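First up is the structure itself, then whatever we jot down about it.
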Amino acid sequence: MAIQRGLRFPEGFLWGTASSAYQCEGGNTNNQWYQWEQQGHILTGEQCGDASNWWRAAEIDFELAEQMENNALRLSLEWSRIEPAEGQWDSAALDRYRAMLADLHRRRITPIVVLHHFTDPLWFAERGGFTNEANIRLFVRYVTHVVQALHDLCDFWMTLNEPNIYAILGYQLGSYPPGESNMLLAMHVLRNLLQAHVEAFHAICHLQPQAQIGYCLHYHLFDPASNDSLLDRAVAGLQDTFFNWAALHAGETGRFTFPIDMLLTPIARASGARDYHGINYYTREMVRFDPSLPAELFGRRFISPGAIRNDPGKEGFFGEIYPEGLYRVLKAVYQRTRGNKPLYVTENGFSDTLDDRRPRAILEHLAMVHRAINEGIPVRGYLYWTLADNFEWNEGWGVRFGLVEVDPATQRRIPRRSASMFGEICRANGITESIVERYAPEAADTIFGRADVAERGIAV
Ligand code: BGC
Numbered sequence: 503m504a505i506q507r508g509l510r511f512p513e514g515f516l517w518g519t520a521s522s523a524y525q526c527e528g529g530n531t532n533n534q535w536y537q538w539e540q541q542g543h544i545l546t547g548e549q550c551g552d553a554s555n556w557w558r559a560a561e562i563d564f565e566l567a568e569q570m571e572n573n574a575l576r577l578s579l580e581w582s583r584i585e586p587a588e589g590q591w592d593s594a595a596l597d598r599y600r601a602m603l604a605d606l607h608r609r610r611i612t613p614i615v616v617l618h619h620f621t622d623p624l625w626f627a628e629r630g631g632f633t634n635e636a637n638i639r640l641f642v643r644y645v646t647h648v649v650q651a652l653h654d655l656c657d658f659w660m661t662l663n664e665p666n667i668y669a670i671l672g673y674q675l676g677s678y679p680p681g682e683s684n685m686l687l688a689m690h691v692l693r694n695l696l697q698a699h700v701e702a703f704h705a706i707c708h709l710q711p712q713a714q715i716g717y718c719l720h721y722h723l724f725d726p727a728s729n730d731s732l733l734d735r736a737v738a739g740l741q742d743t744f745f746n747w748a749a750l751h752a753g754e755t756g757r758f759t760f761p762i763d764m765l766l767t768p769i770a771r772a773s774g775a776r777d778y779h780g781i782n783y784y785t786r787e788m789v790r791f792d793p794s795l796p797a798e799l800f801g802r803r804f805i806s807p808g809a810i811r812n813d814p815g816k817e818g819f820f821g822e823i824y825p826e827g828l829y830r831v832l833k834a835v836y837q838r839t840r841g842n843k844p845l846y847v848t849e850n851g852f853s854d855t856l857d858d859r860r861p862r863a864i865l866e867h868l869a870m871v872h873r874a875i876n877e878g879i880p881v882r883g884y885l886y887w888t889l890a891d892n893f894e895w896n897e898g899w900g901v902r903f904g905l906v907e908v909d910p911a912t913q914r915r916i917p918r919r920s921a922s923m924f925g926e927i928c929r930a931n932g933i934t935e936s937i938v939e940r941y942a943p944e945a946a947d948t949i950f951g952r953a954d955v956a957e958r959g960i961a962v
């Protein structure tokens with residue numbers, strides 16, 4: 503019997519992809535992102551339009567997920583369809599979601615349903631959205647309505663996608679709607695979102711005690727430009743704390759760290775209000791001290807020279823492909839939460855139209871997930887962003903994250919090499935030597951490591 507190198511994942515590990523309603527469904531004209539688009543903010547000048555046509559035919563892509571033997575699929579519900587006007591419910595919209603979820607079950611794919619992924623109904627935005635604490639009850643009422651209607655088809659809920667991105671990009675950096683530049687307001691929005699999660703968590707627990715309920719945060723690494731510079735280390739640490747750890751800490755304990763906690767009311771009933779930690783990770787940036795940038799907390803961010811990169815997009819935001827970052831984030835979340843809940847990688851993806859870096863990037867990131875699991879960190883699933891190309895917020899169709907290529911003009915699907923590779927990984931519940939040989943032979947040593955090969959080898 504030959505011993506081959508391989509990385510096997512635990513039984514029952516969830517393999518799948520993640521997506522969101524606005525980016526995939528098409529025809530969503532009743533939320534603040536549609537309005538933002540009408541105001542001309544999409545950098546490519548495009549319209550979301552039919553997106554990737556999921557409202558009519560998501561099942562075409564679900565079939566591709568089934569062919570890849572995915573056992574999980576994360577999608578989101580569009581609040582503005584389900585409650586198009588305040589207190590008015592559209593049962594036809596819920597029926598369409600029922601059909602999608604039932605279709606996933608038929609394919610033996612576990613649906614992971616996100617209740618809020620960046621979009622707010624216009625009527626909710628007009629009432630001040632999450633800037634106003636009094637509006638939290640409206641979100642909880644929507645969540646309650648949905649869970650009552652769909653609980654027989656879903657028991658894995660995610661209340662919010664990336665409250666830190668929604669708050670910081672929308673209310674501090676102004677690059678997402680409503681385009682505000684007010685750090686204090688951004689902190690209030692983040693606080694209200696975390697409170698909204700807690701309230702929704704308790705409401706769902708009441709209706710469906712056995713459900714898995716959590717939310718995910720976006721983790722972005724900030725490393726000092728020079729480790730020898732105290733100032734670079736200080737400003738990188740400041741950005742790291744502000745962007746990544748303030749939200750996690752507040753979600754866990756109900757309080758922001760000093761001095762932010764002086765300005766915000768604590769989050770009530772936060773302790774224990776989640777069944778898992780959802781982790782979205784994409785990239786890292788280097789940070790150099792720069793006294794001329796108070797709004798950036800005195801840190802100038804840049805992409806590490808010589809790094810392998812994602813396709814940049816117009817904002818140049820999708821920077822370095824840095825696999826070790828995923829391991830570092832998993833470990834940090836595990837340590838900061840004292841291992842109190844399992845972890846899921848709820849998003850990790852690469853913009854790579856030509857698909858010439860993605861296969862290796864997926865393999866190297868998965869090797870880092872495996873490393874974390876080997877060290878006893880309970881990572882239970884990996885969701886690649888995204889199944890089929892979709893409308894990337896401000897970047898429109900300008901960057902492509904899909905395992906499957908989509909031509910938005912014809913809605914034609916062309917699976918990329920990454921799709922067949924991901925299928926092989928899901929089928930094997932791991933990474934085999936043969937997969938690496940065929941998709942990224944140049945990375946075999948970084949994927950399998952050198953010294954501990956024998957220990958991690960699997961008999962075939
Ligand atoms: C968001 C997705 C987005 C992806 C790639 C994540 O932060 O949740 O909606 O498409 O990043 O930019």
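Position 345, counted from 1, in the sequence shown is what our numbering calls 847; the numbers after and before it change by one each time, with no gaps.
Where a beta carbon is used, it is the ideal one built from N, C-alpha and C, also for glycine.
Computed from a prediction, not measured in an experiment: that's the story for all the values here.
Short Cβ contact (8 angstroms threshold) for residue i with residue j
i      : j      : result
Thr661 : Phe632 : no
Ile769 : Gln697 : yes
Ala738 : Phe724 : yes
His779 : Leu845 : yes
Ala523 : Asn530 : yes
Asn666 : Leu719 : yes
Ala727 : Val789 : yes
Ala520 : Glu798 : no
Trp899 : Pro910 : yes
Trp625 : Glu588 : yes
Phe564 : Leu575 : yes
When the options are compared against residue i, the one with the closest alpha-carbon
i      : options                        : result
Cys656 : Arg862, Arg610, Ile875         : Arg610
Ile487 : Arg600, Glu754, Glu565, Arg862 : Look at the range of the chain in this structure, 503 to 962, and you will see that residue 487 is not part of it.
Ala930 : Phe744, Met570, Asn694, Arg629 : Met570
Val847 : Gly821, Ile875, Asp854, Phe820 : Ile875
Leu766 : Gln525, Gly878, Asn572, Asn634 : Asn634
Gln534 : Val691, Asp622, Gly518, Ala560 : Asp622
Leu603 : Asp777, Ile638, Ala560         : Ala560
Arg914 : Gln537, Gly518, Ser554, Phe511 : Ser554
Leu596 : Arg576, Leu617, Ala669, Ala748 : Leu617
Glu548 : Glu897, Thr785, Glu664         : Glu897
Leu509 : Ile937, Tyr941, Glu944         : Ile937
Asp891 : Leu865, Arg873, Val881, Phe852 : Phe852
Gly518 : Leu889, Glu926, Ala942         : Leu889
Ala705 : Ser806, Trp538, Leu640, Asn729 : Leu640
Ala601 : Gln741, Pro586, Leu671, Asp654 : Asp654
Backbone secondary structure at residue i - three-state DSSP
i      : result
Thr612 : strand
Arg598 : helix
Cys718 : strand
His779 : strand
Asn684 : coil
Gly589 : coil
Met570 : coil
Leu517 : Here the sequence assigns Trp to residue 517, which means Leu is not the residue at that position. Strand.
Phe791 : strand
Leu509 : strand
Arg940 : helix
Ile864 : helix
Ser922 : helix
Phe575 : Here residue 575 is Leu; the residue named in the question, Phe, does not match the sequence. Note: Leu575 maps to strand in three-state DSSP.
Thr785 : strand
Ala890 : strand
Ala953 : At Ala953 the pLDDT is 43, less than 50, meaning the model places this residue with poor confidence and gives no usable figure here.
Glu623 : Here residue 623 is Pro; the residue named in the question, Glu, does not match the sequence. Three-state result, Pro623: strand.
Leu671 : helix
Asp742 : helix
Val962 : For Val962, the predicted structure reports a pLDDT of 27, less than 50, and the residue's modelled location is therefore unreliable. A value from the coordinates is still provided. Here Val962 sits in coil by DSSP.
Limits of the beta strand (DSSP E) - the one that residue i falls within
i      : result
Tyr829 : Where Tyr829 is concerned, there is no enclosing beta strand (DSSP E), although the alpha helix (DSSP H) it sits in stretches over 826-838.
Phe658 : 658-663
Trp887 : 881-887
Asp909 : 906-909
Leu845 : 845-850
Phe804 : 801-804
Gly932 : 932-934
Delimiting residues of the alpha helix (DSSP H) encompassing residue i
i      : result
Gln537 : 534-540
Ile762 : Run containing Ile762: none; DSSP gives neither H nor E here.
Ile916 : Segment 914-917 is the beta strand (DSSP E) holding Ile916; no alpha helix (DSSP H) there.
Arg583 : 581-584
Ala770 : From DSSP, Ala770 is part of no alpha helix (DSSP H); its letter is neither H nor E.
Phe641 : 638-652
Arg811 : Careful: Arg811 lies outside any alpha helix (DSSP H) and carries neither H nor E.
Cys526 : 523-526
His751 : 748-755
Gln712 : Taken as a continuous stretch (DSSP letters only), Gln712 belongs to no alpha helix (DSSP H), as it is neither H nor E.
Check your understanding: Quick one, what's near the ligand BGC if you take every residue whose CB is closer than 7 angstroms to any heavy atom, in chain order?
Key -> Ser522, Gln525, His619, Phe620, Asn663, Glu664, Ile667, His720, Asn782, Tyr784, Phe820, Glu849, Gly851, Trp887, Thr888, Glu894, Trp895, Phe903
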